[in-house]
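Undergrad:
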Amino acid sequence: SCFADMLHDHDRNEKYYKGIRAAVSRIKARGERVVVLDIGTGTGLLSMMAVTAGADFCYAVEVFKPMAEAAQSIVKKNNFSDKIKIINKHSSDVTVGPDGDMQEQANLLITELFDTELIGEGALPSYEHAHQHLVKAGCEAVPHRATVYAQLVESELLWRWAKLQPVEVEGARLVPPPAVGRCPGAHSVCDIQLSQVSPTSFTPLSPLCTMFSVDFSKPVSSAFQSHSTSFVAQSGGRAQVVLSWWDLDMDPSGTIVCSMAPSWMYPHPTMAPWRDHWMQSVYFLPVETQVAEQEELSLTVCHDDYSLWYSLQSHSLQDVRDKTPQSRPSCTCQAHLVWNRPRFGELNDRQRTASYIAALRSILAEDRVCLSVSDGSLLPVFAHMLGAKKVFSLENSRMSKQVIEEVLEANSVKGGVELLEIRPEQLTSQDLGGEQISVLLGEPYFSTSLLPWHSLFFWYCRTALAGLLRPDATILPCSASLHVVAVEFQDLWRIRAACGTCEGFDVSPMDEMVQRSLDFRESREAEPHPLWEYPCRALTQSAAVMTFDFTQCVPEQPISSRGSLPFIRIGRCHGVALWMEYHLTDDVTVSGGLTQPISEQGTCEWSRHRKQGVYFLRSAWDSSGDGGAAVSYSFTFEPSLGDIKMDFSITDQ
1 SCFADMLHDH DRNEKYYKGI RAAVSRIKAR GERVVVLDIG TGTGLLSMMA VTAGADFCYA
61 VEVFKPMAEA AQSIVKKNNF SDKIKIINKH SSDVTVGPDG DMQEQANLLI TELFDTELIG
121 EGALPSYEHA HQHLVKAGCE AVPHRATVYA QLVESELLWR WAKLQPVEVE GARLVPPPAV
181 GRCPGAHSVC DIQLSQVSPT SFTPLSPLCT MFSVDFSKPV SSAFQSHSTS FVAQSGGRAQ
241 VVLSWWDLDM DPSGTIVCSM APSWMYPHPT MAPWRDHWMQ SVYFLPVETQ VAEQEELSLT
301 VCHDDYSLWY SLQSHSLQDV RDKTPQSRPS CTCQAHLVWN RPRFGELNDR QRTASYIAAL
361 RSILAEDRVC LSVSDGSLLP VFAHMLGAKK VFSLENSRMS KQVIEEVLEA NSVKGGVELL
421 EIRPEQLTSQ DLGGEQISVL LGEPYFSTSL LPWHSLFFWY CRTALAGLLR PDATILPCSA
481 SLHVVAVEFQ DLWRIRAACG TCEGFDVSPM DEMVQRSLDF RESREAEPHP LWEYPCRALT
541 QSAAVMTFDF TQCVPEQPIS SRGSLPFIRI GRCHGVALWM EYHLTDDVTV SGGLTQPISE
601 QGTCEWSRHR KQGVYFLRSA WDSSGDGGAA VSYSFTFEPS LGDIKMDFSI TDQ
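All letters in the sequence shown, in the order written, are residues 1 to 653 by UniProt numbering.
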């Protein structure tokens, strides 16, 4: 269904169409037939543009079978079957010749093989093969070239996603293991909607640098390459993060440009086209480096066939910092394999940590025996530092166990927490040295959770451990609640909206295919999205619709809840946002959703650490805001499945 987002990207479609028309005209002006190779055709849109522009024939290659079938249907519906041949293969398997997939080599290469990192979907090997086997020398290409840009910045906000920061606990300081500080981090790109990261949350240390360009009309290499750009630091600070994006020149002269720049790079942010299939990239340098204003520096980008990585060199310390890694950096400390980037951000959230420490302080005493159930959590370390008699922690993997062991060792409290790689239902009194648990702890956080309520796995763990708990045991959190609010999305609605016609072509078979895939399950479901990246307005008040009491075991019977949320603001309701809040004690609550009260205008501030659930309505609803209509909801928690079934409808009050 993510193809729908591309079809709604008018800026992309318009620029491709202009570039295709110009390329066809150039070839026609040379007196040649125009034979197109369209790699990654998707819906066939670009091939239909090419034929409309005057191309004589198109070979449209699509490896994904459902998309190839949709393209076949769309091409037929638009009466282009005689001019467009859909080839359901990877382009590297396409053959040329009298008995081949293509009768002849193409002289116009059209592709849409790009991701947020530009080359992450294998664009370079595909271009390399196409130039060797599928297109003529001197062919035209749309896009003609891509250019990658980067800016070196200091950003405490972004750096928190890469490195574990020290934590203050009751006057003591919990420090990260040295190996985590030295580690280059996760090798995968961090792709985000950079428009939602305010320029006030970073300090540019470099100008915007042009790192390299790729000319797609000439042979392309997928071999390792590096490119460096020298600059003078425009500000002093800690070099931590590289912000990067790219643009496409659709024609050789560079007059038709499709840019991925974030909105704050435009004179007016509203001028920036919104797209979710191409965002911006954040790269974390292996270590932060102090740089001085006016210091001469070089930023180097390396790439293999699928990914990019950056390094920084100082001209004054050339021998120290100019070792550019020839291979992609990867995690050496294991922490980046246990904790993803939002999880690093969560562990480094001082306000959140203070809530847990305040809650722990209120329930811990010297005679307390604690058991923690969360993946790779610092809670058991906090419990030990706050004076618990004994602390056990269940870890879901050997790797997470080793990471927490390293945290304990770095803080000289190696025996302070006993780490057990045992599933809750397999834990015995013997494993606990005969101790009964007086405090059961959880954030809760589980690495396998996709939707907010998947963390209710903690409730099942609590139930499995019931026989090992003291009768008066304290459970932290004591309960959780599911919250909802009906919203109008600024842009996210596009990923689910039917397209109908796109640049004058009927793409309704694509809409039908998306709808069939959404209807595949018996009941419609919510899907996870990090809503801090996708602005929305609340059209109703938020409400707690279900509560889960962790002081009791999971019930055998389903829990149901029904109600309605009257519309109190004018707007177009696209769906409902859902999140969990955890009540650590009667006084302390941690939210995985809204972090501030909804403003008078309906503005929502969302947690950056957890994804929220989004339930899209089948069709948007225009609210008059007078309370005359409402979103009616129905929830059922099925204990046997551990899942929540939900349904929403618009009703008159």
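In this text, a Cβ means the ideal position worked out from N, Cα and C, and glycines have one as well.
Assuming L584 and L476 are in contact, meaning their beta carbons sit under 8 Å apart, how far apart are those beta carbons, in whole angstroms?
TA: 5 Å
Undergrad: May I ask you to list the residues that DSSP assigns as paired with Q151?
TA: L243
Undergrad: Comparing C-alpha positions only, which one of V142, D5, G138, H8 sits nearest to G19?
TA: Scanning V142, D5, G138, H8 for the CA closest to the CA of G19 turns up V142.
Undergrad: Span of the alpha helix (DSSP H) holding T353?
TA: 350-363
Undergrad: Under three-state DSSP, which class holds C333?
TA: coil
Undergrad: Can you look up A70 in the DSSP assignment and give me helix, strand or coil?
TA: helix
Undergrad: Quick one, which of R569, Y306, A172 has its alpha-carbon nearest L386's?
TA: A172
Undergrad: List in chain order: all unbroken beta strand (DSSP E) runs of 3+ residues lying wholly within the stretch 523-551.
TA: Listed in chain order, the complete beta strand (DSSP E) runs (minimum 3 residues) inside the stretch 523-551 are 527-529, 536-538, 543-549.
Undergrad: Near C139, which residues of its chain fall below 7 Å by C-beta distance, leaving aside the five closest residues on each side in sequence?
TA: Once the five neighbours on either side are set aside, the close Cβ partners of C139 are A106, N107, L108, L109, S217.
Undergrad: Taking 8 Å as the threshold (C-beta atoms), are L578 and Q601 in contact?
TA: The answer is no: Cβ separation not under 8 Å.
Undergrad: Have a look at V369, Q193, E443, S195 and flag the residue whose alpha-carbon is nearest the alpha-carbon of G434.
TA: V369
Undergrad: Using the Cβ count rule (16 or more neighbours within 10 Å means buried), how would you classify K89?
TA: exposed
Undergrad: In chain order, what residues of the same chain have a beta carbon less than 7 Å from the beta carbon of F80, not counting five sequence neighbours either side?
TA: M48, V51
Undergrad: Out of T111, T116, L248, point me to the one whose CA is closest to Y127's CA.
TA: Minimum Cα distance to Y127 is reached at T111.
Undergrad: On the DSSP letters alone, give me the boundaries of the beta strand (DSSP E) that P566 sits inside.
TA: 559-566
Undergrad: Between C58 and G122, what straight-line distance do the alpha-carbon atoms span, to the nearest angstrom?
TA: 22 Å
Undergrad: Please name the residue in V590, E425, A538 whose C-alpha comes closest to that of Q351.
TA: V590
Undergrad: Taking just the CA atoms, how far does D38 sit from C604?
TA: 42 Å
Undergrad: Would Q132 be called buried (16 or more neighbouring beta carbons within 10 Å of its own) or exposed?
TA: exposed
Undergrad: What are the partner residues of M102, as DSSP defines its beta bridges?
TA: V96
Undergrad: According to DSSP, which residues form a beta bridge with H227?
TA: V301
Undergrad: Decide if D251 is buried, meaning its Cβ has at least 16 other Cβ atoms within 10 Å, or exposed.
TA: buried
Undergrad: If I'm right that V417 touches V391 with Cβ under 8 Å, what's the distance once you round it to whole angstroms?
TA: 5 Å
Undergrad: Do K28 and G54 have their CB atoms nearer than 8 Å?
TA: yes
Undergrad: Pop quiz: L518 and S623 are said to be a contact at Cβ under 8 Å. What is the actual Cβ separation, rounded to whole angstroms?
TA: Contact flag wrong, Cβ pair sits at about 23 Å.
Undergrad: Write down every uninterrupted run of the beta strand (DSSP E) in the stretch 229-288 whose length is 3 residues or greater and which is fully enclosed by it, in chain order.
TA: 237-249, 257-259
Undergrad: Residues bridged to I110 by DSSP?
TA: D38, V142
Undergrad: Given this structure, state the Cα-to-Cα distance separating A223 from S327, to the nearest angstrom.
TA: 11 Å
Undergrad: What's the C-alpha gap between R238 and L157?
TA: 13 Å
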